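Colleague:
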Amino acid sequence: MSPASQPDRASPGPSTAEAHYYDAVDSLATGDLPTAIAGFRASLAADPAYADAAHGLMHALKTAGEFDEAVVIAQNLIAADPDDVLAHTTLSILYQHQGKISEAEAAATRAKLTGWKKQLREQKEIESRT
725 MSPASQPDRA SPGPSTAEAH YYDAVDSLAT GDLPTAIAGF RASLAADPAY ADAAHGLMHA
785 LKTAGEFDEA VVIAQNLIAA DPDDVLAHTT LSILYQHQGK ISEAEAAATR AKLTGWKKQL
845 REQKEIESRT
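Residue numbers for the sequence shown follow our numbering, so the first one is 725 and each next one is one higher.
1) Of the residues D776, G839, G780, which one's Cα is nearest the Cα of H812?
2) Using the Cβ count rule (16 or more neighbours within 10 Å means buried), how would you classify I850?
3) Measuring straight from C-alpha to C-alpha, what distance separates L752 and S852?
4) Under a three-way DSSP split, which group does T740 fall into?
5) Apart from the five residues just before and just after H821, which ones in its own chain have a Cβ nearer than 6 Å to its Cβ?
6) Helix, strand or coil for G763 per DSSP?
7) I'd like to know whether the C-beta atoms of L801 and A775 end up nearer to each other than 8 Å.
8) With DSSP run on the structure shown, which of helix, strand or coil describes G755?
9) To which residues of the same chain is S842 closer than 7 Å at the C-beta, ignoring the five residues directly before and after it?
10) Write down the C-beta distance between A777 and K786 rounded to the nearest angstrom, noting that I regard them as a contact closer than 8 Å.
11) Residues in the same chain with beta-carbon distance under 8 Å from A907, minus the five sequence neighbours each way, listed in chain order, please.
12) Check the C-beta distance from L815 over to A831 and give it rounded, since I have them as a contact under 8 Å.
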């Protein structure tokens, strides 16, 4: 049977990365940091480009006091997507926890500038459609 002639099937469930992510979010919500961290890591192992899982892992690591590793993840996210405002903001917060105030202020400024640039791009897109 050709793919076009196969009967419709229900859409597949979430990917492995998504399943691990949602389990990790649930664990984080209940305060089970080790399980949440393991779940976010498993999600990223299944899909290294899954930014939501990286954001979740950063949050869980921050909550666990593992600031150094969370900083590395934030820096990697920013390297992959320099327009990720949340990654810049989280990096600023992490630097604050580490007592690196000048680095925190610089990251906060980058977050603001990145957000403003994004808003301007979106506004220009809206205006170009009218």
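Beta carbons: idealized from backbone N, C-alpha and C, even for Gly. Every value quoted in this text rests on a predicted model; they were computed, and no experiment measured them.
Modeller: Quick answer:
1) G839
2) exposed
3) 42 Å
4) helix
5) F791
6) helix
7) yes
8) coil
9) For the sequence presented, residue 842 should be read as Lys rather than Ser. The answer, listed in chain order, is D807, V809.
10) A777 to K786, Cβ: 15 Å. No contact.
11) Because the chain is modelled from 725 through 854, residue 907 falls outside the range shown and cannot be assessed.
12) 4 Å
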